[in-house]
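The block underneath contains the structure these notes are about, expressed in structure tokens.
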Amino acid sequence: MNVSAWGIVAAAGNAQRFGADKLSVPLADGKTVLRSACDALLAGGVEGLVIVGSPGPHHQLDALGSRLYAIVPGGSTRSESVAAGLAALPECAQLVAVHDAARPFVAPDLVQRLIDAANEFGAAVPVLPCVDTIIESADGGLIKSFDRAKMRRVQTPQVMRRELLQELLQEGSASDESSVLIALGHQVAAVTGDERNIKVTLQSDLPEPPRIFVSGSGFDVHRFDPERPLMLGGVLIPNEPGLAGHSDADVLLHALVDALLGAVGAGDIGEHFPPSEERWRGADSSLFVTAAMQELQRVGARLEHVDLTLIGEQPRLTPHKNHIREYLSELLKLPPTRINLKATTTEGLGFTGRGEGLAAQAIASLSLPADEER
Ligand code: MG
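By the count of this note's numbering, the sequence shown reaches residue 374 at its end, each step adding exactly one.
Given below as structure tokens:
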């Protein structure tokens, strides 16, 4: 059948319960809520669209090209907004699909079935059974229950002949087009809706935005200085020779800081905390870790896992592992299960084998918002 179906996308509502511009939030494929709703209508056989509202460049509508026929400002009620959309539609539009912009998950197949049914019956809406009991309330009390088996939940798009939409809009304010059509005595076909076709109302209605994973590595060396206390992973290791250095010379934390900075492209520990600066003399290296964590926060990165390796003949790390892991868990705000500590000797070879100092390696794994632009 060659019926010309066009869409009115109602994008003028305010999103008070969402707390932000929900229509510009990117979904798993990177497309915004509004763009996804438009794409689904077009994929389902709608020829072109009129958006009612005031979307901006961040709603990604450029990709719709000429299929976005017009953008018109909304009215103070849904009826006024839909009427504004209707007035902007081209003459050739025979069927009109009125759709909530906040329903981005509508399947093109459902749109197609609604167009077919509206072409046959004049109007068609997607409906779903009620799983919860519906009770009418008034003045804080419950006054009337309904037979749940007879109740239906109505979604959008609601598709109807252009003249039917024209007629129902003359009836004044309505939050739902099909209700008015039914009240006017018109037939409205019920098409099985889709549980995934939700109206996004709360932040929790949306899946978490896509993230990418990145990692950074760090390596550090300090020579032994028996005059100093030994700090490893922020923990004092008693009765062991310490390490020489400008700060507390915590070789494990220094490798960790470089791994964190590396993962977010923020340089290295020497750039952030130059040994030439007096204020870092004897400094607790936990300060450097905290500062690196702030770099992560600045770009929306989330630390997912760290793996640390101490390289040297002594001390033995095993008796201190739990203590260090607990300390790092607190410092990094990361569960201890996401912190791995390892130690290895170098079989008596090299400077670590000769007992001249300790080395450490670190790998930090982070996740970042996929659309992060730094
Ligand atoms: Mg160092």
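We put the beta carbon where it would ideally sit given N, CA and C, even for glycine.
- Distance from residue 5 to residue 159 at the Cβ level is roughly 7 Å; contact confirmed, criterion being Cβ atoms closer than 8 Å.
- In the structure shown, residue 198 adopts coil according to DSSP, grouped into three states.
- Judged by their CB atoms, residue 242 and residue 228 are nearer to each other than the 7 Å cut-off.
- Approximately 6 Å separates the beta-carbon atoms of residue 55 and residue 34; this is inside 8 Å, confirming the contact.
- With 7 Å as the limit, the residues whose C-beta approaches any heavy atom of ligand 1 more closely are 220, 222, 245, 249, 251, 254 and 269, in sequence along the chain.
- For residue 151, the three-state secondary structure derived from DSSP is coil.
- Listed as beta-bridge partners of residue 124 by DSSP are 159 and 189.
- Across the structure, residue 320 and residue 130 are spaced so that their CA atoms are roughly 58 Å apart.
- DSSP places residue 333 in the coil class of the three-state scheme, outside both helix and strand.
- Excluding sequence positions up to five before and after residue 365, its CB lies within less than 6 Å of the CB of 215, 304 and 305, all in the same chain and listed in chain order.
- Counting along the chain, residue 182 sits inside the alpha helix (DSSP H) bounded by residues 177 to 183.
- Leaving aside the five residues that flank residue 83 on each side, the residues in its chain whose CB is nearer than 8 Å to its CB run, in chain order, 75 and 169.
- Going by beta carbons, residue 194 and residue 107 fall inside the 7 Å limit.
- Cβ neighbours of residue 3 within its own chain (closer than 8 Å, five residues either side excluded): 94, 95, 115 and 119.
- Within the model, the alpha-carbon separation for residue 315 versus residue 251 is close to 13 Å.
- Taking all protein chains in view, the Cβ of residue 22 is crowded by 16 or more other Cβ atoms within 10 Å, so the residue is classified as buried.
- Checking the DSSP bridge columns, you'll see residue 280 has no partner listed.
- The beta carbons of residue 10 and residue 46 sit about 14 Å from each other, so the pair does not count as a contact at 8 Å.
- Straight-line spacing of the CA atoms in residue 187 and residue 210 works out to 43 Å.
- In chain order, 142 and 145 place their CB closer than 6 Å to the CB of residue 135, counting only its own chain and leaving out the 5 sequence neighbours on each side.
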